[in-house]
Each structure stands twice: as C-alpha cells, then as structure tokens.
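Using the numbering used here, read the sequence shown as starting at 1 and increasing by one per residue. Cβ coordinates follow ideal geometry from the N, Cα and C atoms, glycine included. Notes to accompany the following structure.
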Amino acid sequence: MKKQVKNILFLVVGSLVVIGTFSVLLLLNFFKLNVDALSGGFLIFAEIGLVFTLYKMSRAKVSRSIVQKSGLISLTSLYALIITILLVVFKILNSSFNTALAIYIGVTCFAVVIGISIFLFSNKVQKTNENTTQERRLMQICEKRIFDLTTESKNARYQNQLNEIYESLKYSDKVGVSSVDEKIVGAILNLETNITSEKAVDIFDNIKALLKQRSMELSENKRGEF
Numbered sequence: 001m002k003k004q005v006k007n008i009l010f011l012v013v014g015s016l017v018v019i020g021t022f023s024v025l026l027l028l029n030f031f032k033l034n035v036d037a038l039s040g041g042f043l044i045f046a047e048i049g050l051v052f053t054l055y056k057m058s059r060a061k062v063s064r065s066i067v068q069k070s071g072l073i074s075l076t077s078l079y080a081l082i083i084t085i086l087l088v089v090f091k092i093l094n095s096s097f098n099t100a101l102a103i104y105i106g107v108t109c110f111a112v113v114i115g116i117s118i119f120l121f122s123n124k125v126q127k128t129n130e131n132t133t134q135e136r137r138l139m140q141i142c143e144k145r146i147f148d149l150t151t152e153s154k155n156a157r158y159q160n161q162l163n164e165i166y167e168s169l170k171y172s173d174k175v176g177v178s179s180v181d182e183k184i185v186g187a188i189l190n191l192e193t194n195i196t197s198e199k200a201v202d203i204f205d206n207i208k209a210l211l212k213q214r215s216m217e218l219s220e221n222k223r224g225e226f
C-alpha cells in the first residue's frame, strides 16, 4: 500500500513539473514563433520521457539489471538536459525552424538507439547472471547433500571419503556446465541410498572420477574462451 501511495505521489509530482514547465513557457509567450514552439514541444516531450522512465524504474523488480536502471535514467536525464540547452541556444541564435527540427530529431533518434542498446545489453547481462546463479546452485546443492552425509553418525566408517568429496565440491569451480553434471547428481543420490552397503566404495570412486572430469572440462572450456 505504501508503495502504491509513493508511486501515485511520484506521478503527481512529475505531472506538476511538466505542467509547470508548460505554464512558464506559456506565460513567457514562448510559443509565439514556430521554432520556439518546436523547442518547447521537445522540452515537454523530454520531461514526460524522464518522468515516465523514473516511474517505470521505481516500479521495476529489485532483480532488474542495474545497467538498465542506471543507464536508462541517466540517458533520459541527459536527453532532457541537452534539449534544454538546445532550447536556450536556438532562442539566442534565432535559428531557423528546419535547422532546429533536424537537430532535435537527430538527438531524439540517437537517444532512442542508445536506449534500445542499453535495454538489450542489460537483458543479456541479466540472463547471463541468472544462468550463472542456476549453474552455481546445482553444485551447491550437491555440496550440501554430501555435507549432510558427513554429519550422520552411521556414516562414520566413510568419513574420510565423504570429507574428501565435500572439500572437492566446496572448492570446485561451480560456474559452468559440464557433460557429467547430471551423472554427479545421480551418483550422489545413489550414494545416499547405498552408503551403508558394500556398493558405497565403488560409488565414492565414481563420484571422484566424475568431479575430476568436470574440473578438466570446465578448465578446457574456459581456456578456449580466451
């Protein structure tokens, strides 16, 4: 409820700023000449764009990429500032309508292109971060399951083997995907079921071999990226 009130107040303040700007320009008879009216129109448009961007970013989820939030807010703020500067320059120089229009359209198109680039890049960064988090979670789950096995007194006879695997998982490179990830998960589940049987020895050897293979694959993959 508080957030809704905050968003409403934000829109109200933003609307008042836009209306205030329009009123000041109107009182100054700023719309008398076509070039001045054009400048005023782009200034109002820039302010609306800035208010809209700030509003959307304030409502965005916390997980929204920081690149997108800071990038788009900075871009729209800079755009509004440039339009304001151009308005003053064109007013002082008494520039022609066609010249002003061409420059305003050029600046706006450039801002739109940069905005789209920021949006696409931020989405790519966010997707990469999500994939990295997902990859890490798999090995973290494996690490926790092995740790849980080390805390059970019935597994005391295999404490050394469990600790060795736990240390391997704990200090392994968790970022990345290998061809044996699913096999590692399956082997750990198999170990949980058969740790009290004679099969446990073979399962331990299998897990160690799989972890070694995973480490080699990740090293090769990351070496190939450079």
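Margin query: Just to confirm, is the Cβ distance from E130 to K170 under 8 Å?
Written below: no
Check: In this structure, does DSSP put S95 in helix, strand or coil?
Finding: coil
Note to self: Suppose the cutoff is 7 Å on Cβ atoms and the five residues either side in sequence are ignored; what does the same chain contact list for I48 look like?
What the structure shows: V18
Check: Can you name, in chain order, every residue of its own chain whose Cβ lies under 8 Å from the Cβ of L38, other than the five neighbours on each side?
Finding: F97, A100, L101 and Y104
Next item on the list: For the alpha helix (DSSP H) holding T53, just list the boundary residues, first then last.
Entry: Unbroken alpha helix (DSSP H) run through T53: N34 to R59.
Item checked: C-alpha gap between G176 and S219, whole angstroms -> 10 Å
Checklist line | Extent of the continuous alpha helix (DSSP H) run through S168 | finding: Q159 to K170
Item checked: Separation of T128 from I82, as counted between CA atoms -> 34 Å
Note to self: Buried or exposed, going by whether 16 or more other CB atoms sit within 10 Å of the CB of F110?
What the structure shows: exposed
Margin query: Please return the same chain residues whose Cβ sits closer than 6 Å to the Cβ of R145, not counting the five positions on each side in sequence.
Written below: I188
Checklist line | Cβ separation of I118 and G71, assumed to be a contact under 8 Å, to the nearest whole Å | finding: Correct: roughly 4 Å between the Cβ atoms.
Next item on the list: Could you check how far apart the C-beta atoms of S77 and N7 are, in whole angstroms? I think they sit under 8 Å.
Entry: Actually they are not in contact, since the Cβ atoms of S77 and N7 sit about 19 Å apart, beyond 8 Å.
Check: With distances taken between CB atoms, is the gap from K154 to T196 smaller than 8 Å?
Finding: yes
Note to self: Taking the alpha helix (DSSP H) that N155 belongs to, which residues open and close that run?
What the structure shows: That residue, N155, is in no alpha helix (DSSP H); it is neither H nor E in DSSP.
Note to self: Tell me the rounded alpha-carbon separation between V113 and E167.
What the structure shows: 49 Å
Margin query: Mapping the DSSP letters down to three states, classify I195 as helix, strand or coil.
Written below: Coil, per DSSP.
Check: What distance in whole Å lies between the Cβ atoms of I203 and L191, which are believed to be in contact at a cut-off of 8 Å?
Finding: 5 Å
Margin query: Taking only three categories from DSSP, how would you classify F31?
Written below: coil
Check: Given a threshold of 16 other Cβ atoms within 10 Å of its Cβ, counted over all protein chains shown, does V139 qualify as buried or as exposed?
Finding: Sequence check: residue 139 is Met here, not Val. Buried is the call here.
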